[in-house]
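What follows is a set of notes on a single structure, which appears directly below.
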Amino acid sequence: MESMALASHTLRTLSLDLDNTLWDVDPVIEAAEQRLKDWLAAECPRAVAHYQPERVLALRRDITARHPERDHDLTFLRKAVLEQILVGAGYPGDLAEAAFAVFFAARNEVTLFADVLPALERLSQRFELVALTDGNADLAAIGLDAFFSHYINAAGVGRAKPHAAMFTAVAAATGHDPTEIVHVGDHPEKDVAGARRCGLRAVWVNRQNHPWPLDHAAPDAEVTDLAALVEQLVP
Numbered sequence: 720m721e722s723m724a725l726a727s728h729t730l731r732t733l734s735l736d737l738d739n740t741l742w743d744v745d746p747v748i749e750a751a752e753q754r755l756k757d758w759l760a761a762e763c764p765r766a767v768a769h770y771q772p773e774r775v776l777a778l779r780r781d782i783t784a785r786h787p788e789r790d791h792d793l794t795f796l797r798k799a800v801l802e803q804i805l806v807g808a809g810y811p812g813d814l815a816e817a818a819f820a821v822f823f824a825a826r827n828e829v830t831l832f833a834d835v836l837p838a839l840e841r842l843s844q845r846f847e848l849v850a851l852t853d854g855n856a857d858l859a860a861i862g863l864d865a866f867f868s869h870y871i872n873a874a875g876v877g878r879a880k881p882h883a884a885m886f887t888a889v890a891a892a893t894g895h896d897p898t899e900i901v902h903v904g905d906h907p908e909k910d911v912a913g914a915r916r917c918g919l920r921a922v923w924v925n926r927q928n929h930p931w932p933l934d935h936a937a938p939d940a941e942v943t944d945l946a947a948l949v950e951q952l953v954p
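This is the structure:
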């Protein structure tokens, strides 16, 4: 991290991944799935038998095959799956909106890693922060929107990380050169390699202390949490 600290005066923007960087997303999705199943059981009970993992995956593969241009849009895919399940169970397809709303509310009930809020408070005082995610988390619902100048996700860009369009969108939104931007995320390929291929520097948030898994695109820096990032970038 020392070289990054010495060069921190050249940084103007930090783009941050969300899922698994600011919170652990797996338990969130599991809880949201259960909330959705409970709603289906109460409101559309015939649909419960159809809402099984194998069926959901099969429908999602079929929808993706028919709409490859939307394969990055998680909201579209989930609504489309729900609509087909509801219709197949004999319910109106437009109930998919209500079903998705139940899932989405729970999807945004996240538990931040303990280091996140203090780090965002410090980092946002020195750098422009941009949220850059493949997912569909709602920063306002989570309570983090005040820290970020821009929210960029795959559905809006039309491509998912590590596609270059995601990272160039950060430069376009902020007006800053890629060399003035550091991307911070947990995924070696989607976050680190993708950012570096576009001329951004990249920090790997490696909370489990895994060895670097790729034979290329090593991160410019590696941290176990955002507190360590703050130590290096904020005097």
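720 is the number of the first residue of the sequence shown in my numbering; add one for each residue after it.
C-beta: ideal position from N, C-alpha, C; glycine also.
Taking C-beta separations shorter than 7 Å and ignoring five residues to either side along the sequence, the partners of V876 in its chain run A884, M885, A888, following chain order. For the pair L755 and V806, the CB atoms are not nearer than the 9 Å cut-off. As far as DSSP is concerned, W758 takes part in no beta bridge. In this chain, V942 is not harboured by any alpha helix (DSSP H); it is covered by the beta strand (DSSP E) spanning 940-942. Apart from sequence neighbours up to five positions away, the residues of its chain that approach E941 with a beta-carbon distance below 6 Å are W923, N925, ordered along the chain. Residues of the same chain with a CB within less than 7 Å of the CB of V953, apart from the 5 flanking positions on each side, are R841, L842, R845 in chain order.
V903 and P787 have their C-alpha atoms some 28 Å from each other. Under DSSP, Y870 forms a beta bridge with A850. If you draw a straight line from the Cα of D736 to the Cα of A859, it comes to about 16 Å. Per the C-alpha coordinates, the member of L848, D834, V800 positioned closest to N739 is D834. Runs of beta strand (DSSP E) with 3 or more residues, each lying fully within the segment 869-942, are found at 869-872, 900-904, 920-924, 940-942, listed in chain order. Separation of the CB atoms of L741 and L831 is rounded to 6 Å, and the pair is thereby assigned contact status at 8 Å.
Using a C-beta cut-off of 8 Å, the segment 893-901 makes contact with the segment 910-921, since at least three inter-stretch Cβ pairs fall below that distance. Excluding sequence positions up to five before and after R731, its CB lies within less than 8 Å of the CB of F846, E847, T893, H895, E899, I900, all in the same chain and listed in chain order. The alpha helix (DSSP H) runs of length 4 or more contained entirely in the segment 795-828 are, from start to end of the chain, 814-826. Put simply, the backbone Cα of T852 is about 5 Å away from that of N872. Closest by C-alpha distance to E749, out of D905, N827, G862, is N827.
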